[in-house]
Ligand code: SF4
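In my numbering, the protein residues as written are 238 to 638.
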């Protein structure tokens, strides 16, 4: 049954139990979501809100490279994978470079993983690039190079979760799936003064339920983009521009002057910080680099050998020990070279980099899956993690000096 036909019974003023549209990945046809809040918007208001939002989006949306490519499901897919947890303006150059390198799914499927990682370098979250590459191969072999226009079939591909599948199905195939990211949650939390923490997995389903209800089934792709755009450019985390907002007539947080109260968040502990020691080992004018295992954090990338500094040692000792354990070389530290700070999703690192001289031994790998004695060109040609990339320009300068 069409969701909108249910609206009159959904948006009554008192009940605490809502019916929401069938969630496609569930086997149950109807999901019940229990909420503490009273219901927030009447059917006519929902229609007016949609209309106001869509009009605003049509006039004010930003010109972004993927917005002219919505007829191309591959381009939509790539853009949405990149946009997860990454700011729009940061994504633009990566998206353009990636599409230039791999203009369609067949090019991507046939590419070497190393070239895919190189095109992705700087974006972080390298598992996404590996999954995208793997999924492209499956689409080519199983679907003849055409993205499946089915939520379930698309959802089954590596790296495709509810967000990506909903985004691609709605934007590229005009199917009625609501997209929920941080921007959407913030808008919903303020519109309806929702107390659900933004950063809690448990509340994600509830936001999804609200987004499904608000979604315009006539133009789901545009509507999803409009809500995300509103969150990104108007309903900002700090100082939302409510006077410019097409939703202010219905926004509870604005009307009650409590936009600073919403969204709620669970306070998390600060990220743990690890100390890392890394060696740039020279031999005959070349340096040793190793390749990480294909899976896991930074999988498939190249790096300089090294590892964690233990509690009872200094960084220099750790550098020598790690290189012996990892590649079986005995090295001597010549001098400290750089100190790099870098943040990942769940931890931060402080990395001490040392210039090293080989003393003895030959390379036997324990952990890495490959190695090279690399020249300057290789350091530009191979994909490296962001923390390594931060000191490579300084290293190249030293080489040419
Ligand atoms: Fe956000 Fe203000 Fe719009 Fe409410 S009125 S949705 S707080 S920008």
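In this text, a Cβ means the ideal position worked out from N, Cα and C, and glycines have one as well.
Work out the CA separation of residue j and residue i for me, nearest whole Å.
i: residue 510; j: residue 587; result: 7 Å
i: residue 401; j: residue 413; result: 14 Å
i: residue 430; j: residue 492; result: 10 Å
i: residue 379; j: residue 396; result: 17 Å
i: residue 529; j: residue 363; result: 12 Å
i: residue 633; j: residue 421; result: 43 Å
i: residue 599; j: residue 347; result: 35 Å
i: residue 279; j: residue 450; result: 11 Å
i: residue 593; j: residue 369; result: 37 Å
i: residue 627; j: residue 608; result: 20 Å
i: residue 487; j: residue 516; result: 58 Å
i: residue 580; j: residue 514; result: 16 Å
i: residue 555; j: residue 591; result: 11 Å
i: residue 447; j: residue 440; result: 11 Å
i: residue 339; j: residue 390; result: 23 Å
i: residue 294; j: residue 394; result: 31 Å
Which residues in the same chain as residue i place their Cβ atom closer than 7 Å to its Cβ, once the five residues preceding and following it in sequence are excluded?
i: residue 472; result: 423, 424, 427, 482
i: residue 629; result: 616, 621
i: residue 624; result: 577, 579, 586, 588
When we look at the beta-carbon of residue i and count the other beta-carbons within 10 Å, is it buried (16 or more) or exposed?
i: residue 373; result: buried
i: residue 330; result: exposed
i: residue 537; result: buried
i: residue 385; result: buried
i: residue 281; result: exposed
i: residue 317; result: buried
i: residue 540; result: buried
i: residue 582; result: exposed
i: residue 657; result: Outside the shown range of the chain (238 to 638) lies residue 657, about which nothing can therefore be said.
i: residue 445; result: buried
Return yes when the Cβ of residue j is within less than 7 Å of the Cβ of residue i, no when it is not.
i: residue 313; j: residue 464; result: no
i: residue 531; j: residue 564; result: no
i: residue 335; j: residue 302; result: no
i: residue 508; j: residue 576; result: no
i: residue 455; j: residue 620; result: no
i: residue 342; j: residue 315; result: no
i: residue 434; j: residue 502; result: yes
i: residue 595; j: residue 470; result: no
i: residue 408; j: residue 458; result: yes
i: residue 325; j: residue 319; result: no
Go through its chain and collect everything with a Cβ distance to residue i's Cβ below 8 Å, but skip five positions before and after it.
i: residue 290; result: 460, 463, 464, 467, 483, 484
i: residue 287; result: 451, 453, 460
Starting from the C-beta of residue i, find all residues in its chain whose C-beta is less than 6 Å away, skip the five residues before and the five after it, and write them out in chain order.
i: residue 544; result: 559
key: Beta carbon nearer than 7 Å to a non-hydrogen atom of ligand 1   = My final list is 424, 427, 428, 467, 471, 472, 477, 478, 479, 482, 484, 485, 488, 490, 491, 496.
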